[in-house]
Structure formats: C-alpha cells, structure tokens
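This report refers to the structure that appears directly beneath it.
There are 2 protein chains.
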Amino acid sequence: MSRLDTKQRILDAAEQLFARDGFHRTSLRAITSKAKVNLAAVNYHFGSKKALLEAVFERRLLPLNRTRKERLEEVLQNARKRGVRPEVRDIMRAFIEPTFRFRESEPGAQDFIKLIGRSIVTPDSTAKTVLLRFMKPILKTLSEALTEALPELPKDVLLWRLYFSIGALAHTMHLDKRFQFEPLNLKAETDVKSLTNMLITFVTAGMEAS
Amino acid sequence: MSRLDTKQRILDAAEQLFARDGFHRTSLRAITSKAKVNLAAVNYHFGSKKALLEAVFERRLLPLNRTRKERLEEVLQNARKRGVRPEVRDIMRAFIEPTFRFRESEPGAQDFIKLIGRSIVTPDSTAKTVLLRFMKPILKTLSEALTEALPELPKDVLLWRLYFSIGALAHTMHLDKRFQFEPLNLKAETDVKSLTNMLITFVTAGMEAS
DNA sequence: GTCTATACGATGATAGAC
DNA sequence: GTCTATCATCGTATAGAC
Numbered sequence: 001m002s003r004l005d006t007k008q009r010i011l012d013a014a015e016q017l018f019a020r021d022g023f024h025r026t027s028l029r030a031i032t033s034k035a036k037v038n039l040a041a042v043n044y045h046f047g048s049k050k051a052l053l054e055a056v057f058e059r060r061l062l063p064l065n066r067t068r069k070e071r072l073e074e075v076l077q078n079a080r081k082r083g084v085r086p087e088v089r090d091i092m093r094a095f096i097e098p099t100f101r102f103r104e105s106e107p108g109a110q111d112f113i114k115l116i117g118r119s120i121v122t123p124d125s126t127a128k129t130v131l132l133r134f135m136k137p138i139l140k141t142l143s144e145a146l147t148e149a150l151p152e153l154p155k156d157v158l159l160w161r162l163y164f165s166i167g168a169l170a171h172t173m174h175l176d177k178r179f180q181f182e183p184l185n186l187k188a189e190t191d192v193k194s195l196t197n198m199l200i201t202f203v204t205a206g207m208e209a210s
Numbered sequence: 001m002s003r004l005d006t007k008q009r010i011l012d013a014a015e016q017l018f019a020r021d022g023f024h025r026t027s028l029r030a031i032t033s034k035a036k037v038n039l040a041a042v043n044y045h046f047g048s049k050k051a052l053l054e055a056v057f058e059r060r061l062l063p064l065n066r067t068r069k070e071r072l073e074e075v076l077q078n079a080r081k082r083g084v085r086p087e088v089r090d091i092m093r094a095f096i097e098p099t100f101r102f103r104e105s106e107p108g109a110q111d112f113i114k115l116i117g118r119s120i121v122t123p124d125s126t127a128k129t130v131l132l133r134f135m136k137p138i139l140k141t142l143s144e145a146l147t148e149a150l151p152e153l154p155k156d157v158l159l160w161r162l163y164f165s166i167g168a169l170a171h172t173m174h175l176d177k178r179f180q181f182e183p184l185n186l187k188a189e190t191d192v193k194s195l196t197n198m199l200i201t202f203v204t205a206g207m208e209a210s
C-alpha cells in the first residue's frame, strides 16, 4: 500500500469520525480500522492524534478560506470602483455562501463542515484552538470589510454582532440528511440554497439593526 | 455525612466539570475526587453517569424554564389586554434575559449556563439529547408566541430564524471571566447587561427581517 | 440506608521489536 | 510500515463496614 494512499485514507476516515463523534470520543482504533490501516500508522504518519486533526483541518480549510478571501475582496473592490460603501449582505454572502457551496461540491466535505461547526462552538477544546488558528486571518478580513460597510456602528457592537453571526452560522453547519431539530420539528428537507439565503438574511438584519 | 450533602456535592462537582470539559471527557473519578466522596457514590445515588447528567440539568433547568414561561405568558397577556400583537423584542427578552439573570444570581449557575451552551450545539451527544427533552416545552411556547407576533411570516422561515437565534444564544452562553474570542479580540470586559441587550437586538432584527 | 474498598472487563495512547 | 506488548484510565458492579 502506497504511502500516499495510507495518509489519504486516514484523513478521510478521521474527518468522518471526528465530525460524527467529536475529537475526544473518536479513538485511533476506530480511525485506523475504518481506514483499514494499522493502529500505529497514525503516529507514524502524523505524529499524534492532535497533529492528525490539524492535517484534517488544513487540507480543506486552506482552499475554502482562499475562496472566501477572493470573494470578499471582490465585494470591496466593486464598491470602491462605484464609490459606494460595500453592502453588508454582499459581505455576509461572500463569507457564508462558499461554506455551503463547498459542502455540496466534494464528497466528505459535508462531514468537514459539520466538524468545523462543532469545533467552533466547543469551548476550550483542542479542536477549537486548532481551528481558530486557521480562521484568524479570514475573520480579520471579514471584520474589516464589515467596518467599511458600517462605519457609524461602534466597533465593539460590530464585533459582538459578528460573534453572534458566527454562532448562528456554526449552529447551521451541523445539518445533514439525518438532521432534525426535534423540539421545533425542523427537518433537513429545506434545500441548501434557500437555507443559505435565510441565514444570510438573518445575520444581515442582525448586523444592520439600529 | 448526610445523604443530602453527598448528593449536592456530587451535583456541584459534576456541573463544574461537565461545563469545563464536556460529558464524555469528564470521568467519574474526577467528579468524586472533587466532591470528596467515594467513587461508588455516583452509582449508588444516581444509578449511572448519564443519570447524573440528567439530575444536573433538572436541578437548574426546571426553575429557569418556569421563569421563562411566566415571562412569556406575561408578554402575551399584556398584548391581548391591549388588543395588539406581542412585540418580537419583548418575547425574545422574556426568553433570553432570565438566562443571564440566572447566570449571575447563583454560585455555580455560570458553569451551568456554559454547560447548556455547549450541550445544545454538540450534535448527537448524550448531553444534547437530555437537554432537548427538558427544553421542548418551553421552545414550543416560544415558537407559538413568535407566531402570534409575526403571523404573516411563513412558519418554516420563522422556525429557521428561531433556530439561528438559538445558535447565537448558545454561542454567547460560553462567556466567563476568562472568555476571549481571540480572532476578533473580543474579551469578557463587556458587562452582562449590555451584552444581553446587544443579543436581543440582534436576534430581534433577524426575526423581523423582511 | 449510606458509604467504602476493591476488582473487572473494555478501551485508551503509545513504544519497541521486527 | 506492521505487530505485539504495555500501561493508564474508563464506567460499572459488588461485597461488606458502619
């Protein structure tokens, strides 16, 4: 079995299991048996369970955040060209839409988006620390863009509203075919596109509230 | 040592550790040594680790949700008396404000609110299942109140927006003295009252978006 | 009834021989 | 790269002291 195949298969298996059960509840035994590799292969290829998690994040987050950055810069440049402020809605769309686009585009990406969602909201976890390190640059870009769009809003209010938006987004990332939020009778039947639009409408209104 | 003391001390210790480390990462040994009771005391008094979690939820959630229910009914009755629709803002305030009031009122309550926050957003976890069972009635009351306030909004849009609001709320429940959201440079210095108001403003605008 | 001491079987991560 | 051994820790059960 080639070295590349082994690493890939471990990454795929880890991504699925971390998303389903969380980092700490996923055992290396579960990962390696799903990937059909030896138990010790993880430590050989990645060094540790935590380093494996970092590799899982890195593989998908680098391209996803590159897309987000391009779209954000596009929004800002268009506004500058036309001599107007960027629209909050366009900024939020530039950040949120790639999440769900990406989620539909690649096999395994859905598990990954779920993993991000659960990582960002789990306090003091290994996964959160690792994730935020990858997210810091794009979140800086995002908050700067919002400051251009809402210059009269006090900076701390803007940042808290962005924090609330991230909470709403993260909560929405858990969706999968089996999703349901039983207390509200919500089911996964809603198509992704209109769900994305509902979320963008929601956070835009929240950011722009007077 | 009296029976009551032992149970209380186990509940207090479990609440702190579940909030800090999550259900699965917290061992009974950690709980019993923190509570200074014998390892077997948990199984004796509660039956199992999961039953202990249920008891932790029950102790604080029953009074908290009773307060929420009273305040929601007050809002609805006032509106009916005056022959007008209830205001979304008042409804959201009736649900959210007790959370943070409660959080400041009792020692240990802050840990509990953190525990709820992390439980609601962790998919497929034991804690989420247990929590939602306790939350179902009050969430039903809340969604009915919102339907009265926003009768022209399609029901599924209303429910998704409520779902987003819960995400924003849950994300905000993690706050403690040591809280910081490093990528946005957010710190815990903001006082709870204005934070509560910011959150209410945010979700109200989101619910009312056109 | 309450609590303690201890043991059991399962599973955790990892190190070293090959 | 793999296999095996090892050792820590897990939740739970039980026998018996008070």
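As you go down the protein sequences, you meet chains A and B in turn.
Be aware that the first sequence starts at 1, since it is given in the numbering used here, and climbs by one per residue.
Be aware that the second sequence starts at 1, since it is given in the numbering used here, and climbs by one per residue.
Even for Gly, the Cβ is constructed at its ideal location relative to N, Cα and C.
This structure is a prediction, so every number in the text was calculated from the model and none was measured.
If you compare the alpha carbons of A:ARG178, A:PHE112, A:ASP12 and A:LEU146 with that of ALA170 (chain A), the shortest gap goes to A:PHE112. The closest CA to that of PRO98 (chain A), considering only A:GLY83, A:LEU64 and A:ARG89, is found on A:LEU64. Using a CB distance cut-off of 9 angstroms, VAL121 (chain B) counts as an interface residue toward chain A. CA-CA distance, LYS177 (chain B) to ARG68 (chain B), rounds to 25 angstroms.
Looking at the backbone, the Cα of ARG59 (chain A) and that of GLU104 (chain A) are separated by about 17 angstroms.
At a cut-off of 9 angstroms between beta-carbon atoms, THR172 (chain B) makes contact with chain A.
In the same chain as GLY167 (chain B), and ignoring 5 residues on each side of it, the C-beta atoms closer than 8 angstroms to its own belong to VAL121, in chain order.
At a cut-off of 9 angstroms, the C-beta of PRO183 (chain A) has a neighbouring C-beta in chain B. PHE23 (chain A) carries a coil assignment under DSSP once its states are collapsed to helix, strand and coil. Within chain B, no C-beta atom comes less than 9 angstroms from the C-beta of SER48 (chain A); the nearest is roughly 17 angstroms away. By the rule that beta-carbons nearer than 9 angstroms mark a contact, PHE95 (chain B) does not touch chain A.
ALA127 (chain A) counts as buried, since at least 16 other C-beta atoms from the protein chains shown sit within 10 angstroms of its C-beta. Inclusion of ILE138 (chain A) and PHE95 (chain A) in the CB contact set at 9 angstroms is warranted, their separation being smaller than that value.
Within chain B, the residues VAL121, THR122 and PRO123 have their CB atoms less than 8 angstroms from the CB of ARG118 (chain A), given in chain order. Under the Cβ criterion of 9 angstroms, LEU162 (chain A) is counted among the residues facing chain B. Put simply, the CB of ALA168 (chain A) is near chain B, with a gap under 9 angstroms to one of its CB atoms. Within the segment 3 to 83 of chain B, the runs of alpha helix (DSSP H) that reach at least 4 residues and sit entirely inside it are, in chain order, 3 to 21, 28 to 34, 41 to 45 and 49 to 81. In this structure, ALA41 (chain A) sits away from ALA14 (chain A), with a CB-CB distance that is not shorter than 9 angstroms.
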